[in-house]
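Heads up: the sequence shown runs through residues -7 to 1065, numbered per our numbering.
The C-beta atom is built at its ideal place from N, Cα and C for all residues, glycine as well.
Because the structure is a prediction, the values reported are computed rather than measured.
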Amino acid sequence: TGEGKTLVATLPAYLNALEGKGVHIVTVNDYLARRDCEWMTPIYKALGVTAGYIQSDMDPVARRQAYACDITYGTNSEFGFDYLRDNMKPARWGDPNFDPYFQQVQRGLHYAIIDEVDNILIDEARTPLIISGPASDDPRRYIRANDIAVQLTELQKREPGKYFEVKEKEQTCHLTDEGIHKAEELLGIESMYTAGNLEWPHLIDNALKAHHLYKRDKRYAVMPHPETGEMSVIIIDEFTGRLMIGRQWSDGLHQAIEAKHARDGVKIKEETQTLATITLQNYFKLYKKLAGMTGTAMTEADEFWKIYKLEVIAIPTNKPLIRINYPDVIFRTEKEKWKAVVDEIVEVHRTGRPVLVGTTDVDKSIKLSDMLKRRGIKHELLNALPEHAAREAEIVAQAGRIGAVTIATNMAGRGTDIILGGNPETLAWARLKDKYASRLDVPEEEWKRTVEEIERTEKMKEEGRKVAEMGGLHIIGTERHDARRIDNQLRGRAGRQGDPGSSRFYLSLEDDLMRIFAGEWVSNLLARLGMKEGEAIESRMVSRRISAAQKKVEERHFDARKHLLEYDEVMDHQRKEVYGARQRILEGANCKLQVLQMLAKQIDAACARYLDPDYGAASFAEFAANRLGVEFAPDDFSRCDFTEADKTAKDKAYHAVETQVYEMMEENLGSEDPKEWNWQALSHQINARWGLKTSDRQLRQIGKDNMADYLREQANQCIAHTDLSGGRDFLEPDWGLRSLCDWMRLKFQIKLSPQELAGKEEQEIKKALHQAVMDLYRQREIEFPVRTAMARFLSDQPGVAAGSQRYNREGLYHWALMRFPQQRHQLYEEAFRTQPRHRLFELLLEISRSAYPAVGEEAINDKLDELFEGSTRPADAEDAKELSEWAKATFDLDVPESALTKATYEQAQQILWNAFDERYRPEMRQMERSLLLNHLDVAWKNHLLTMDYLRSGIGLRGWGQEDPKTVYKQEGMKEFKAMWENIEDKVTDMVFRMEETEAFRESLWTIGATIHESVPRTAAAQVAQQIVANANANGDVKVVEPIRNRREKVGRNDPCPCGSGKKYKNCHMRQAV
-7 TGEGKTLVAT LPAYLNALEG KGVHIVTVND YLARRDCEWM TPIYKALGVT
43 AGYIQSDMDP VARRQAYACD ITYGTNSEFG FDYLRDNMKP ARWGDPNFDP
93 YFQQVQRGLH YAIIDEVDNI LIDEARTPLI ISGPASDDPR RYIRANDIAV
143 QLTELQKREP GKYFEVKEKE QTCHLTDEGI HKAEELLGIE SMYTAGNLEW
193 PHLIDNALKA HHLYKRDKRY AVMPHPETGE MSVIIIDEFT GRLMIGRQWS
243 DGLHQAIEAK HARDGVKIKE ETQTLATITL QNYFKLYKKL AGMTGTAMTE
293 ADEFWKIYKL EVIAIPTNKP LIRINYPDVI FRTEKEKWKA VVDEIVEVHR
343 TGRPVLVGTT DVDKSIKLSD MLKRRGIKHE LLNALPEHAA REAEIVAQAG
393 RIGAVTIATN MAGRGTDIIL GGNPETLAWA RLKDKYASRL DVPEEEWKRT
443 VEEIERTEKM KEEGRKVAEM GGLHIIGTER HDARRIDNQL RGRAGRQGDP
493 GSSRFYLSLE DDLMRIFAGE WVSNLLARLG MKEGEAIESR MVSRRISAAQ
543 KKVEERHFDA RKHLLEYDEV MDHQRKEVYG ARQRILEGAN CKLQVLQMLA
593 KQIDAACARY LDPDYGAASF AEFAANRLGV EFAPDDFSRC DFTEADKTAK
643 DKAYHAVETQ VYEMMEENLG SEDPKEWNWQ ALSHQINARW GLKTSDRQLR
693 QIGKDNMADY LREQANQCIA HTDLSGGRDF LEPDWGLRSL CDWMRLKFQI
743 KLSPQELAGK EEQEIKKALH QAVMDLYRQR EIEFPVRTAM ARFLSDQPGV
793 AAGSQRYNRE GLYHWALMRF PQQRHQLYEE AFRTQPRHRL FELLLEISRS
843 AYPAVGEEAI NDKLDELFEG STRPADAEDA KELSEWAKAT FDLDVPESAL
893 TKATYEQAQQ ILWNAFDERY RPEMRQMERS LLLNHLDVAW KNHLLTMDYL
943 RSGIGLRGWG QEDPKTVYKQ EGMKEFKAMW ENIEDKVTDM VFRMEETEAF
993 RESLWTIGAT IHESVPRTAA AQVAQQIVAN ANANGDVKVV EPIRNRREKV
1043 GRNDPCPCGS GKKYKNCHMR QAV
């Protein structure tokens, strides 16, 4: 410590900054980030590179400017949070189409130098960085969706099948076209497929599922929660009939069911959730190169290598260290220890030597301060309280003066340089800081004059020599920290650069560390020595024993960090995949290519599902299982007609009754003590399984002895009366084809009949479906620009009478001239002024059709296949020329040859498809980008919530002889796969329904809080012990609880809450983003 690490860091920083990719220098706090940057900027300026710093209160534009510098100083949490926030932004760094507020701020993670590397990569690595926000936007939306589902259900009773379709096999409910129009009318909105309304289709589908597929007392119970007493929806296990307390359906379904029972007193839970999270360990692993420096890392060399693959190299001190480290002094009680500390301070203070006293927390620093006041010792107090922290620099500058007594928490441990006799430069800045924004703004003459004046009047150099003669700065530690490095940091404030100094630690058996790790051994030893009250023991052997205890704590902390890292590996892999996909979109990857791949996968999956020879039998098996409460295999009904299947299903159900009755009796009435019999649970299980209406009172009257006969009789009657004719269709030979045609109609509004597909091979069917979808997509590309323009210029204003609507016909005419320049001769201003809206729509549609090329982007792929012939080689100059000329001749596209030279097949495809999009389908391109980003972000947000739930309960798997970490990885990957499937399903649905180019500007991310929890200091050893004990027992680590965000979400077009009268998007929305 005190060897000039901050200064030396400029050398590798400058060298790596020459690449122009940015260097990040990571400090412990905002104060040091600014101070170090201001100290070192003159060096960087002289070398011709720029430097900037990040502070926690900076807005995105100021942050971008700091990151644009060659070298950027900041804290670990600011760098980490900026990385997470960047992966929520709608635009890449420097995107000219977006305001800087909405752009990413970081350029990339190239090279980092971490000052005090052990503090950041080890002490703070146990707690993740978390950005949290509201889990669901507005609970009132669920109530509204529920009301609409009820109204649609009433309407459907009069006209069955008109408004929505319920599919029990797939467990889905979908609105029909009629249903969509009716729902829009009931909501009072023009379209559910415009920005700000995109949640409604999903909310209403969930509300319909809640009413038609999820039945009370079969799938869930409504009852007071056993723990909180609040009326809640609690899931019932379908096969055992048990309550699954603490479990919750995902994707908003649980809230939909809560809304269904709002009148029963059930509240819709407003929860916060993790929007983005990363551990510091994984964040710093993202840098291509990593380096660090600290005076206290040798004790953790193993961990640096195991986790970060960083070697630790010890560099000898500039001048020999002559500080005297006295052995620890140990007392029996804390009271005795504090009395001895005060006595030592008084004694050293008499000699005139400066004293620095280190305490572990604010409370103890105030307690010691009060004791010194009573003894009449003048002193300075430095802790995290604002009134003291504001004077930090000044207090530290004076701490080396004759007679100075300074009490400090760990704040004074790192990055503070206590100069014997006082620091004139720090005092000079304390005097000038109100006059200038930073030290660099102070004119050199004024700076020199102020420093010399302070040195002269205070006689600091002379005083420094006197202090050195007296023995230098004396350090007193009032407690051992649970990591040896922290103690060494405090000691390191004295004896810097060859100065004399001394240090001593005062301990008691009541200190946390001693009590937990060294207490019994030491107290037995001291008892044997016959130690009395007020006596102290000073022994190198005891000091060594305490160091061993600290080592034990460090090992436990290492286990906790390693454990956290193993759990976070799953999330790390998933985070990289999602953020990578997102970044590719922001950097201009062609979104149509991605959508077409998704469509092809959806068609392939649907064909595989519905054309499977066992699909009908599997559908019947599931249908019968739901009716009879018995599990069936598809093989049970293969090649059966309905009569055979009905008999097979019921026979199997009759055979299962005996086992089911025995299991129910054993579970609920198995105890020898009648007081432990659970009649209520038995009644619940019977009713759920066989649809009876028994009560626990009825069952008690029947009695245990007659119960088995009663249950068998009731179950057999129930099976005999069960009607399975609703599953007859499943066993028809064309059921798979009918289901596939249904799927095409519901998903794409493409009407096909099973007769059209009958007799064709699976590949032929796939090809036919794919062609039908591609034709629809082309039609969509032609229509979409016209629909968005009509919505923009000629849409009806809500609340205005039909005859009083004012349309912007002139705006539409000018838009058409700009959008279709080749068709100007077909556009007449008079027609736009006089024609009705439907005629204008038809006119513009015809023009859009004629403007769109006869061959689509598929021709680009054919050309590339012909040119590259399946090889992976990059295009040479001749290939580039041929492609450029072909693009000009075929599509009239100007693609420079230089862009295509050395491009691979994939790169050339991206360049040409993007050029085509920009020219012929800019609106569709923007909509596809927006749609993909929106669904990716929503799905990732929901996935994080699912993973939170999974993580919090995974430890229980340990009791089932399973390794929780392995199960967490398997389940996590399964959920992740389901997330991507869900994205593909939603995007391929929405792309044919969207009516605006923008789906993303309605900012999804309402960030409630950014948290980097600090590692708890008080009884830290106890906490570490607890973490590792829990980890060993459950395979689980504490889930960090995010801070709740109570603010309501404001829509972009709502009035701004500040009261300015402007719309939110034009006022404070920028700051919120």
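Between residue i and residue j, what straight-line distance do the alpha-carbon atoms span, to the nearest angstrom?
{"i": "Ala5", "j": "Trp972", "result": "41 Å"}
{"i": "Pro777", "j": "Arg829", "result": "15 Å"}
{"i": "Phe612", "j": "Leu684", "result": "23 Å"}
{"i": "Met363", "j": "Thr351", "result": "14 Å"}
{"i": "Pro312", "j": "Arg488", "result": "10 Å"}
{"i": "Leu937", "j": "Ile270", "result": "14 Å"}
{"i": "Gln163", "j": "Lys252", "result": "18 Å"}
{"i": "Gly964", "j": "Lys359", "result": "49 Å"}
{"i": "Phe296", "j": "Glu303", "result": "7 Å"}
{"i": "Val765", "j": "Leu190", "result": "23 Å"}
{"i": "Gly395", "j": "Asp28", "result": "29 Å"}
{"i": "Phe722", "j": "Arg150", "result": "26 Å"}
{"i": "Met290", "j": "Thr864", "result": "49 Å"}
{"i": "Glu861", "j": "Arg730", "result": "41 Å"}
{"i": "Arg825", "j": "Met986", "result": "28 Å"}
{"i": "Arg1086", "j": "Gly12", "result": "Outside the displayed range of the chain (-7 to 1065) lies residue 1086, so it cannot be described from this structure."}
{"i": "Val388", "j": "Gln98", "result": "34 Å"}
{"i": "Val225", "j": "Asn679", "result": "18 Å"}
{"i": "Val15", "j": "Tyr103", "result": "5 Å"}
{"i": "Leu885", "j": "Leu272", "result": "47 Å"}
{"i": "Gln57", "j": "Gly44", "result": "8 Å"}
Please say whether residue j and residue i have beta carbons closer to each other than 8 Å?
{"i": "Met699", "j": "Leu761", "result": "no"}
{"i": "Ile337", "j": "Ile369", "result": "yes"}
{"i": "Gly728", "j": "Tyr602", "result": "yes"}
{"i": "Val434", "j": "Glu417", "result": "no"}
{"i": "Asp419", "j": "Ile399", "result": "According to the sequence as given, residue 419 is Leu; it is not Asp. No."}
{"i": "Ile112", "j": "Val0", "result": "no"}
{"i": "Gly414", "j": "Glu455", "result": "yes"}
{"i": "Ala907", "j": "Ala879", "result": "yes"}
{"i": "Pro218", "j": "Ile237", "result": "yes"}
{"i": "Glu579", "j": "Arg55", "result": "no"}
{"i": "Gln902", "j": "Leu856", "result": "no"}
Residues bridged to residue i by DSSP?
{"i": "Lys281", "result": "Tyr103"}
{"i": "Met223", "result": "Pro216"}
{"i": "Arg496", "result": "Ile468"}
{"i": "Ala781", "result": "Bridge partners of Ala781: none, in fact."}
{"i": "His549", "result": "Looking at the DSSP assignment, His549 forms no beta bridge with any residue, so it has no partner."}
{"i": "Val18", "result": "Gly66 and Ile106"}
{"i": "Glu658", "result": "DSSP lists no partner for Glu658."}
{"i": "Glu372", "result": "Thr398"}
{"i": "Arg208", "result": "Tyr212"}
Quick one: measure Cβ to Cβ for residue i and residue j, integer angstroms, because I've assumed they're closer than 8 Å.
{"i": "Thr325", "j": "Glu471", "result": "Actually they are not in contact, since the Cβ atoms of Thr325 and Glu471 sit about 13 Å apart, beyond 8 Å."}
{"i": "Ile123", "j": "Phe73", "result": "7 Å"}
{"i": "Ile577", "j": "Leu835", "result": "Their Cβ separation, rounded to whole angstroms, is 35 Å, which puts Ile577 and Leu835 out of contact at 8 Å."}
{"i": "Ile196", "j": "Ile135", "result": "Their Cβ separation, rounded to whole angstroms, is 12 Å, which puts Ile196 and Ile135 out of contact at 8 Å."}
{"i": "Asp560", "j": "Asn274", "result": "6 Å"}
Just to confirm, does residue i get its C-beta within under 7 Å of one of the non-hydrogen atoms of the ligand SAM?
{"i": "Ala931", "result": "Of ligands this structure carries none, so the ligand SAM is not represented either."}
Taking only runs of the beta strand (DSSP E) that begin and end inside the stretch 140 to 196, which ones reach a length of at least 3 residues, in chain order?
156 to 159 and 164 to 167
Which runs of the alpha helix (DSSP H), 4 residues or longer, sit entirely within the stretch 891 to 965?
897 to 912 and 914 to 945
Report the start-end ranges of each alpha helix (DSSP H) in the stretch 813 to 890 that is 4 residues or longer and not cut off at the edges.
821 to 826, 829 to 843, 850 to 860 and 869 to 883
Unbroken stretches of the alpha helix (DSSP H), 4 residues or longer, contained in the stretch -2 to 50
2 to 9 and 22 to 39
Kindly provide the ranges of any alpha helix (DSSP H) runs that are 4 or more residues long and lie completely inside the stretch 323 to 371, ordered along the chain.
326 to 343 and 354 to 366
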